[in-house]
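Residue numbers (the numbering used here), protein chains in the order written: chain A, 1316 to 1463; chain B, 3 to 117; chain C, 357 to 861.
Beta carbons are placed, not taken as given, at the ideal position from N, Cα and C, and that holds for glycine.
One structure is given here, and the rest of the page talks about it.
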Amino acid sequence: MKYFILKEASRVLFPALLVLSLVVLYRGHNLPGGGFIGGLLAAIAFILVGFGNSMKRAKDLLRLNPVQIMALGLATAVLSAVPGLLFNAPFLTGEWLPGFSLPLLGKVHLGTPLVFDIGVYLVVLGFVLHSTFSLARLADIQMEEEKS
Amino acid sequence: MEGLIAVLVGVLFATGTYCLLRRSIVKLVIGVILISHGANLLVFTSGGLLAGRPALVPSDGTVPPAPFGDPLPQAMVLTAIVIGFGLTAFLLALVTRAYEAVGDDDINAFRNTDT
Amino acid sequence: MNEYSLLLPLLLPLVGAICLLLGHNSLAFQRVGGVACASLTFILSLYLVYVVDQADFVVIQVGAWEAPFGISLVADRFSAVMVAVSSFMGAAVAVYALGEIDDVRLRKFFFPLYLVLIFGVNGAFLTGDLFNLYVWFEVMLIASFVLISMGGGKGELEGGLKYVVLNLLSSIMFLAGAGIIYGQTGTLNMADIARTLSMTPDAGWVTSSSMLLLVSFGLKAGIFPFFFWLPASYHTPPSTVSAIFAGLLTKVGVYALFRAYTLMFVPIFPQVQPLILVLAVLTMVTGVFGAASHFDMRRILSFHIVSQIGYMILGLAFMTPLALAAAIFYLVHHIIVKTNLFLVSGMVVRLKGSCDLAKVGGLLKSAPWLALLFFIPAFSLGGIPPLSGFWAKFAMVKAGLQIESWIAVTAALLVGVLTLFSMTKIWAEAFWKEQPADVDAQPLRNPAGHFAYMVVPVAVLAVSTILIGLFGEPLFSFSERAAAQLLNPQEYISAVLQSQVEVLP
Chain A
1316 MKYFILKEAS RVLFPALLVL SLVVLYRGHN LPGGGFIGGL LAAIAFILVG
1366 FGNSMKRAKD LLRLNPVQIM ALGLATAVLS AVPGLLFNAP FLTGEWLPGF
1416 SLPLLGKVHL GTPLVFDIGV YLVVLGFVLH STFSLARLAD IQMEEEKS
Chain B
3 MEGLIAVLVG VLFATGTYCL LRRSIVKLVI GVILISHGAN LLVFTSGGLL
53 AGRPALVPSD GTVPPAPFGD PLPQAMVLTA IVIGFGLTAF LLALVTRAYE
103 AVGDDDINAF RNTDT
Chain C
357 MNEYSLLLPL LLPLVGAICL LLGHNSLAFQ RVGGVACASL TFILSLYLVY
407 VVDQADFVVI QVGAWEAPFG ISLVADRFSA VMVAVSSFMG AAVAVYALGE
457 IDDVRLRKFF FPLYLVLIFG VNGAFLTGDL FNLYVWFEVM LIASFVLISM
507 GGGKGELEGG LKYVVLNLLS SIMFLAGAGI IYGQTGTLNM ADIARTLSMT
557 PDAGWVTSSS MLLLVSFGLK AGIFPFFFWL PASYHTPPST VSAIFAGLLT
607 KVGVYALFRA YTLMFVPIFP QVQPLILVLA VLTMVTGVFG AASHFDMRRI
657 LSFHIVSQIG YMILGLAFMT PLALAAAIFY LVHHIIVKTN LFLVSGMVVR
707 LKGSCDLAKV GGLLKSAPWL ALLFFIPAFS LGGIPPLSGF WAKFAMVKAG
757 LQIESWIAVT AALLVGVLTL FSMTKIWAEA FWKEQPADVD AQPLRNPAGH
807 FAYMVVPVAV LAVSTILIGL FGEPLFSFSE RAAAQLLNPQ EYISAVLQSQ
857 VEVLP
C-alpha cells in the first residue's frame, strides 16, 4: 500500500505535526491542549510515516522502543513529584521557576506541571505506537498467510 | 432538562442490561459500553445542569463570576471516559481472542470453566 | 517525615515497574528486580505500620490542595495493616513466580504488571477520596485483567472474560454511586462525605447510593449473591496469579465495604445492618456448600474464598469493637492462609501435572514435606487450634455470642465444620490415598524455575500462620486498636479535614 501522495505528504507533515504537538503540549497548562493531545498528535505523525512509507521507517525515526518511551514518560511524571518534596511541601506540589521572557514565546513559566505533562506526552506516544506497531505486525502476518 | 437526561440514563441502562442478557458475546460488549455511557451521563448531570459560564477566575479577581458550572463532574467524567475507553478496547481484544479460542460467539459455549 | 512512610510503600512498586519496563530486554533483570522491589515494599510497609501505630493517622494532602478540595492520602491502623499484609503476599508470591512463571509470560511484562497490581492495591487501601478509590480500583483491575488472560489458552480466555465483564459492571455501579453522592453532597473526600451525611436528615438518595456501592464492592469482594464469577475464573490462570488474586483482590472489596460503612454511611447503618447480616450468613453457607460439591483442588479453594469472605462481612454486620477486631484479625489470617493454599495447589500441579483430586494421590508418601506444608494452612483455614484460624474464628464467634446473634453464630460454627470437611477431603484424596493406577500423573515438563523458589515462600507463609497462632496477642491488640479507630469516625474526619473549611453544597 504505497501511495505516492501520502508518502510525499508524510515527509512534509511529519516535522510539522511534531512541532504542532510540542506547541499543544506547551500551551496546555492554561489553554486547551496538554500532554495527552500532544502525545496523540505526535503519534499521528509517526503513524502517517508508517502508512505513507513503511512501519520500519517509522520505527527508525522513533529510534527508541515504544515500551521504553512509555517507561521514560512514567519516570518523568514521577520525577515531577520530587521537587515538591525537596521544598518540604506535600507530594506532587507544583513548583515554578521564576518567569522570564523569550523571543517568539513571550513570557515563559516553567514548572513541575509541565514536566508532568511531558511525562503524559511520552506515555501516550509510546502506548499508541506500541499498539499500532503490534497491529501492523498482525496485519503483515495475515497478509503473508493469505499469500502462501 | 434534567428530567430528559434522567430518562436517557434510564434508557441507556435498560438497553445495556438487555444487551448483556443476550447470548452473543459481541452484544455483551455493546451492553457494557451502553451501561458505562449511562453511568458517565449520570455522573455528568448529578450535580445539576447549569447553563452557566466556565469556572475561570478573571485575572483581577479571586472567585469566578457568579453562575458558573461545576468543573469537577466534567473532570470525573473525562477520567471515567478515558478509563472506560481503555477497558473497552481491552474487552474487545479479549472477546476476539476468546471467540477464536472457543470458536463460537454464543455465550452458552463459554461454560467450560463454570461450576 | 511521616509523609515518606506513607509515600514509599505506595510509590515503590510504580518506580519498580518503570525500571522493569526500561530494562525489559533482560529476563534476569525482570526476575531480580521484581522480587527485590516487592520485598522492599514489604519492609517499607512495616515501617508504615509502626509509624501509624505511633501517630494514629498519617495524612497527605497531595499537591498541597487542602482537603476537601484536593485528594487526600490517609493511613489509619486498618489501612496500614492491610498494606503491610498485602505487600507481604506481594513479596512471597514474587519469589514463587520465579519457579512457575515461564519466559513467555516474562516477556509479556509479567513483573511490571504484577508490580502495578500491588501499586493499585496499596493505593486503594491508602486513599481518602471516593473518586480516587475508583481510579485505584481501575489501576488494579487493568493489571489483573492482563494477568488473568495472559496465557491465551482457552480456559484462561473464558475465565478472563467472565472476570473482566463482571468487574467492569461493578466499576460502573461504583461510578454511578459516587456520582450520586457527589451530586448531593458536593464533595468526594470520604471524611467530608461522612461529615455532610451526618448532618443531612435521612434522605432516599443516601440509601440508593449506599446500595450501589454495596453491590459494587460486594461484587469485587465476592459476597452472596455476586460471587459466581469468582469460582468460574480463579482456577484458570497459573497458581502464582490465582494466589495473588485470592489473597488481595477480593480483600480490597472487603476493605472498601468496611470503609464505606464505618465512615461514610454510619448514619444509615442501622437500616442496612440486617441486610448485611443476611448477606454475610448466606455468603458463608453458599460458599462452603459450593466447595463441598467440587473435586478440583483450586475450585474448592476458590469457593472457600467466598465462604471466608462471609466471616469478615459478619464482623462488619455485628459492628461491635470485638467483632471488628476479629474481622481485621480474620483478614490478616485469611490473606496469608488462602494465598498459601493456592501456592500449594501450584506445587501439586508441578509434581503431578494436575490438581484434580480424582487424578492425584499418594503425595503423603512421595512428598511428605509437601503434605506438612499443606496441612498447616489447610487446618488453619478450618480453625484448628493453635493455628491462626482458630483465634480468628473464636473471636468472631465470641463477638456473635455477645450480641446474641444465635443464627449467625450457628452458621459460623457449621461453616467451620464444613470447611474442615473440605480440607479433609483434599487431604484424604491428594495426600492419603494411593496414586490412582489408571491415571498417568507426570510432573510438569519444562518447569520454569527451580522448585526451591516455590518451597521457600510456602514455608515462610506456613511458619507465619503458626506464629500468629502461637503469639497472636500483639496482632490482636493491634486489631483492637484499629477497630477502635474504625468505630470512632470522628477522629478520622478531624484528622483529614485539619482546616475546617465550609463547603457549599
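C-beta contact flag for residue i and residue j at 9 Å
i, j, result
"G484/C", "L570/C", "no"
"A1373/A", "S1336/A", "no"
"G702/C", "A599/C", "yes"
"G40/B", "F70/B", "no"
"R706/C", "E456/C", "yes"
"F1351/A", "V1439/A", "yes"
"F621/C", "S566/C", "yes"
"Y538/C", "M3/B", "no"
"L89/B", "S527/C", "yes"
"G390/C", "G379/C", "no"
"L769/C", "A647/C", "no"
"V1430/A", "S1395/A", "yes"
"L586/C", "G578/C", "yes"
"M675/C", "F625/C", "yes"
"L377/C", "M1385/A", "yes"
Contact with chain B by residue i, beta-carbon distance below 9 Å
i, result
"Y470/C", "no"
"Q758/C", "no"
"L853/C", "no"
"E422/C", "no"
"V857/C", "Any reading at V857/C must be qualified, since the residue scores a pLDDT of 47, below 50, and its modelled position is unreliable; no value is offered."
"K576/C", "no"
Minimum Cβ-Cβ distance from residue i to chain A less than 9 Å
i, result
"A480/C", "no"
"G419/C", "yes"
"C375/C", "yes"
"V407/C", "no"
"V439/C", "no"
"F465/C", "yes"
"I416/C", "yes"
CB contact below 9 Å: residue i versus chain C
i, result
"P1330/A", "no"
"F1406/A", "yes"
"Q1474/A", "With chain A covering only 1316 through 1463, there is no way to say anything about residue 1474/A."
"S48/B", "yes"
"G1365/A", "no"
"G1343/A", "no"
"G1399/A", "yes"
Outcome for residue i when other beta-carbon atoms lying within 10 angstroms are tallied against a minimum of 16
i, result
"P365/C", "buried"
"A818/C", "buried"
"F87/B", "exposed"
"F659/C", "buried"
"L860/C", "Note on L860/C: pLDDT 41, under 50, position unreliable in the model; no value is reported."
"I416/C", "buried"
"G739/C", "buried"
"Q540/C", "buried"
"S1449/A", "exposed"
"V432/C", "The question names Val, but residue 432/C is Asp in the sequence shown. That one is buried."
"S595/C", "buried"
"Q518/C", "The question names Gln, but residue 518/C in the sequence shown is Lys. Buried."
Whole-angstrom distance between residue j and residue i, CA atom to CA atom
i, j, result
"K576/C", "M506/C", "21 Å"
"G709/C", "F651/C", "16 Å"
"Q856/C", "Y848/C", "Any reading at Q856/C is ruled out, since the residue's pLDDT is 48, under 50, leaving its predicted position unreliable."
"P1413/A", "G1426/A", "9 Å"
"I1456/A", "I27/B", "26 Å"
"S500/C", "M529/C", "19 Å"
"E858/C", "K749/C", "Low confidence applies to E858/C: its pLDDT is 45, below 50, so where it sits in the model is not reliable, and the reading given next is rough at best. Distance between the alpha carbons of E858/C and K749/C: 44 Å."
"L525/C", "F398/C", "32 Å"
"V481/C", "A436/C", "The question names Val, but residue 481/C is Phe in the sequence shown. Taking the straight line from one Cα to the other gives about 8 Å."
"F730/C", "L697/C", "7 Å"
"I427/C", "W762/C", "43 Å"
Under 9 Å from the C-beta of residue i: neighbouring residues of chain F
i, result
"L569/C", "Protein chains in the displayed structure are A, B and C, and chain F is not among them."
Can you give, in chain order, each stretch of the alpha helix (DSSP H) that sits fully within the stretch 573-608 of chain C and has at least 4 residues?
-> Counting only runs of 4 or more, we get 585-589 and 595-600.
Where in the stretch 1320-1406 of chain A do unbroken runs of the alpha helix (DSSP H), each at least 4 residues long, occur, reported from the N-terminal end onward?
-> Listed in chain order, they are 1350-1367, 1370-1377, 1381-1394 and 1397-1401.
Where in the stretch 361-392 of chain C do unbroken runs of the alpha helix (DSSP H), each at least 4 residues long, occur, reported from the N-terminal end onward?
-> The stretch 361-392 of chain C contains no whole alpha helix (DSSP H) run of 4 or more residues.
Where are the alpha helix (DSSP H) runs, 4 residues long or more, that stay fully inside the stretch 433-520 of chain C, in chain order?
-> Counting only runs of 4 or more, we get 433-456, 459-463, 466-482 and 486-505.
Uninterrupted alpha helix (DSSP H) stretches inside the stretch 9-80 of chain B (no shorter than 4 residues) | With a minimum length of 4 residues, the continuous alpha helix (DSSP H) runs that stay inside the stretch 9-80 of chain B are 27-48.
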